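Asks: If you count the sequence shown from 1, position 471 lands on 506 in my numbering, and the numbers rise without skipping.
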Amino acid sequence: MKKILLLIVAFALFSASASAQHADRSKFIRDSLDLYISKALTNWRVPGMAVCIVKDGKIVLMKGYGIKELGLMNKVDENTLFMIGSNTKAFTATALAMLEANKKLSLDEKVTKYIPEFKMQDKNLTDEVIVRDLLSHRLGFQTFQGDFTFYNTDLTRADVIQRLGKMKAVYPFRTRWGYTNSAFLTAGEIIPRVANGHSWEAYIKEAIFAPLGMGNSLALTKDLPKSINRTVPHTIVDGRLTPVPYGQLDDMAPAMSISSSVNDMSKWVMALLNNGKVGQRQVIPAAAIQATRQPQDIVGSVQHLNGETNFQLYGLGWFIQDYSNHRLIMHDGGVTGYLSTVTLVPQENLGIVILTNTDQNEIFEALRWDILDAYLKQSFRNYSETYLKKFRANAANAQAIDRKLKDSIALNPKPALPVNKYLGKYSNEFYGNMEITQGQNNNLEMRFEHHPKMYALMQPLGGNRFYVTFSEPILGKAVFPFTVQNGDVTSVRVKVDDFVEQAAYEFKKL
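1) Using 10 angstroms around the beta-carbon of Tyr540, count the other beta-carbons present and answer buried if the total reaches 16, otherwise exposed.
2) Taking all protein chains shown into account, decide if Val527 is buried (16 or more other Cβ within 10 angstroms of its Cβ) or exposed.
3) If Val380 and Leu363 are in contact, beta carbons under 8 Å, what's the gap, nearest whole angstrom?
4) With DSSP as the reference, label Arg482 as helix, strand or coil.
5) Considering only residues of the same chain and omitting the five flanking positions on each side of Tyr238, which have a CB-CB separation below 7 Å?
6) Buried or exposed: where does Ala428 fall if 16 or more other Cβ atoms within 10 Å of its Cβ makes it buried?
7) Return helix, strand or coil for Met118, following the three-state DSSP convention.
8) Gly467 bridges to which residues according to DSSP?
9) Hey, is the region 381-394 in contact with the region 340-352, meaning 3+ C-beta pairs nearer than 8 Å?
10) What are the start and end residues of the beta strand (DSSP E) that includes Gln494?
11) Less than 9 Å separating the beta-carbons of Gln180 and Glu536?
12) Can you grab the Cα-Cα spacing for the pair Asn360 / Cys87, in whole Å?
13) For Pro246, which of Arg316, Gly232, Ala538, Gln473 has the nearest alpha-carbon?
14) With which residues is Gln338 paired in a DSSP beta bridge?
15) Which class does Gln325 belong to by DSSP, given the choice of helix, strand or coil?
16) State the Cα-Cα distance for the pair Asp408 and Gln197, rounded to the nearest angstrom.
17) Would you please state the rounded distance, in angstroms, between the beta carbons of Thr270 and Gly372? I believe it to be under 8 Å.
18) With Ala513 as the anchor, note down where its beta strand (DSSP E) starts and where it stops.
19) How would you call Gln520, buried or exposed, if buried means at least 16 neighbouring beta carbons within 10 angstroms?
20) DSSP state of Val89, grouped into three classes?
21) Quick check: the Cα distance between Asp394 and Lys261, rounded to an integer number of angstroms?
22) According to DSSP, simplified to helix, strand and coil, what is Tyr281?
23) Taking the alpha-carbon positions, what's the Ile102 to Asn114 distance?
24) Thr147 to Thr161, Cα distance in whole Å?
25) With H, G and I counted as helix, E and B as strand and the rest as coil, what does DSSP make of Thr178?
26) Assuming Lys512 and Val503 make a contact with CB atoms under 8 Å, what is their CB distance in whole Å?
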């Protein structure tokens, strides 16, 4: 009798567990999501957020949360503009796939057919690169390679393409995936060559924004400050949330410049989930949508909190991965003061858009996974709390390192050489010129040729090392070491935050 009772109890517990695993989680979206987001905005120190969920061709949720700018009570609504960063790439890839569907180009044609001046540093590869290579990050470059030179600078798009030809590949061609923003810029600049002279931004507006009804979306960053219903970008500086200037990224527009709202993005997502149709109109050829979703390269593997480990692939402007027996088409975007994510689950006819106006958060990712779990009948894991613990630990570690460096500066250590030995002009073959001038006390200032509005404050740490703080917070803080030979400075190693570029630059003293 006792054994039978134990079996009954065990079966009841198993049934309850199974029921919990497969329960209708729609209540999370209907009843709990607002509270979840409200708490997350406070915990993550996110000024504003906009969220849209599309299911089966209908809007389940479209709402703004929080404020547009710290210190002002202007609330975010469904039409408020955010920069979407690299979610621009899906528009560029789709535009090129549309041109292919309309027989205007081939994604498998050589880039030099459309841009004769295109070059790779390895001249043997110049004629091997096809348009598809540009859109799938397989040129052999390291992730973000060259971006310090290109990001928020005074270079033109033609300058970026020319400099891409000077970048030294880290890996053999087509053997490794490496996220390359300048390649996407190059791909976007094919559009004017095949679309009757229409610029990338004009084509995006006419071929995608206008027919989808995305009337508030902007293709270029220069137009965002002129818009009335817009957010302001924010970041965290020395532990404080603060507004920052808009990034000026139009030299890299096809990779990262679009600004949009959840209302407009809902129309983009619904069209993509409906094979390019808006009502009965075929706005985007179905073949173009499918072309962007075909895996082109292996990114790596990703491990989820539910215990799954799956491959992550890259298509054309989209990451592709499996999760809970569903194929996800997704991309994140990050530029100065903004982070965003767009996720499609074609099997479920589900789309998720999350926009935030700070570049120091992971709630944009966490919320995506918790919404997906709700629809895919997974257990609630509270990704936000899990991510937040790690985020705070990393922030505390970075702050501790920074405090030690500042404590060293407070001791007023003298450089190993007279200050005037460090002054002068320096050059990097890829970037160009930089100059170091005298600041107050033993401090120095570094100014870069193609970043006219930016400078770096350099404070001595003793020896030939200086603690560097960039005037643009996104570039971070670092320690720059100088190389000295026979009592003379020969070079300095310059490193910006990994968010912009992972590799360092060696500037040689002229």
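Every residue, glycine too, gets a C-beta built ideally from N, C-alpha and C. Just so you know, these numbers come straight off a predicted model, no measurement behind them.
Replies: The structure says:
1) Within the sequence shown, residue 540 is the residue found at index 505, counting from 1. The residue in question, Tyr540, is buried, as its Cβ has 16 or more Cβ neighbours within 10 Å.
2) Position 492 of the sequence shown, counted from the start, is the residue given in the question as residue 527. Answer is buried; the Cβ neighbour count reaches 16.
3) Counting from one through the sequence shown, the residue named residue 380 turns up at place 345. Counting from one through the sequence shown, the residue named residue 363 turns up at place 328. Yes, Val380 and Leu363 are in contact; Cβ-Cβ is about 6 Å, under 8 Å.
4) Here residue 482 refers to the residue found at position 447 when the sequence shown is read from its first residue. Reduced to three states, the DSSP call for Arg482 is strand.
5) For the purposes of this step, residue 238 is taken as residue 203 along the sequence shown, with counting starting at 1. So the qualifying residues of the chain are Ala130, Ile226, Ala230.
6) As a position in the sequence shown, residue 428 is number 393, starting the count at 1. Classification of Ala428: exposed, given that the 10 Å Cβ count is below 16.
7) Here residue 118 refers to the residue found at position 83 of the sequence shown. Met118 falls in the strand class under three-state DSSP.
8) Counting from one through the sequence shown, the residue named residue 467 turns up at place 432. In DSSP, Gly467 forms a bridge with Asn463.
9) no
10) The sequence position of residue 494 within the sequence shown is 459, counting from 1. Run containing Gln494: 490-495, per the beta strand (DSSP E) assignment.
11) For this step, residue 180 is matched to residue 145 along the sequence shown. For this step, residue 536 is matched to residue 501 along the sequence shown. Yes, these two residues count as a Cβ contact at 9 Å.
12) Residue numbering aside, residue 360 sits at position 325 when the sequence shown is read from its first letter. Residue numbering aside, residue 87 sits at position 52 when the sequence shown is read from its first letter. If you take the alpha carbons of Asn360 and Cys87, they lie about 23 Å apart.
13) Numbered from its first residue, the sequence shown carries residue 246 at position 211. The residue with the shortest Cα to Cα distance from Pro246 is Arg316.
14) One-based indexing of the sequence shown puts residue 338 at position 303. Gln338 is bridged to Thr344.
15) Against the sequence shown, residue 325 aligns to sequence position 290. Reduced to three states, the DSSP call for Gln325 is helix.
16) By one-based count along the sequence shown, residue 408 stands at place 373. By one-based count along the sequence shown, residue 197 stands at place 162. Distance between the alpha carbons of Asp408 and Gln197 is about 45 Å.
17) In the sequence shown, counting from the first residue as 1, residue 270 sits at position 235. In the sequence shown, counting from the first residue as 1, residue 372 sits at position 337. The Cβ separation is near 6 Å, so the contact holds.
18) Locating residue 513 in the sequence shown gives position 478, counting from the first residue. 512-520 is the span of the beta strand (DSSP E), which, as asked, contains Ala513.
19) The sequence position of residue 520 within the sequence shown is 485, counting from 1. Burial call: exposed.
20) In the sequence shown, residue 89 corresponds to position 54, counting from 1. If DSSP states are grouped into helix, strand and coil, Val89 belongs with the strands.
21) Reading the sequence shown from its first residue, position 359 is the one you call residue 394. Reading the sequence shown from its first residue, position 226 is the one you call residue 261. Their backbone Cα atoms lie some 21 Å apart in a straight line.
22) Counted from its first residue, the sequence shown places residue 281 at position 246. Of the three classes helix, strand and coil, the one that applies to Tyr281 here is coil, per DSSP.
23) As a first step, residue 102 must be located in the sequence shown, where it is residue number 67. As a first step, residue 114 must be located in the sequence shown, where it is residue number 79. Using only the alpha carbons, I get a separation of about 13 Å.
24) Residue 147 sits at position 112 when you count from the first residue of the sequence shown. Residue 161 sits at position 126 when you count from the first residue of the sequence shown. Straight-line Cα distance between these residues: approximately 8 Å.
25) Here residue 178 refers to the residue found at position 143 of the sequence shown. Three-state result, Thr178: coil.
26) By 1-based counting over the sequence shown, the position of residue 512 is 477. By 1-based counting over the sequence shown, the position of residue 503 is 468. With a Cβ gap of about 7 Å, Lys512 and Val503 count as contacting.
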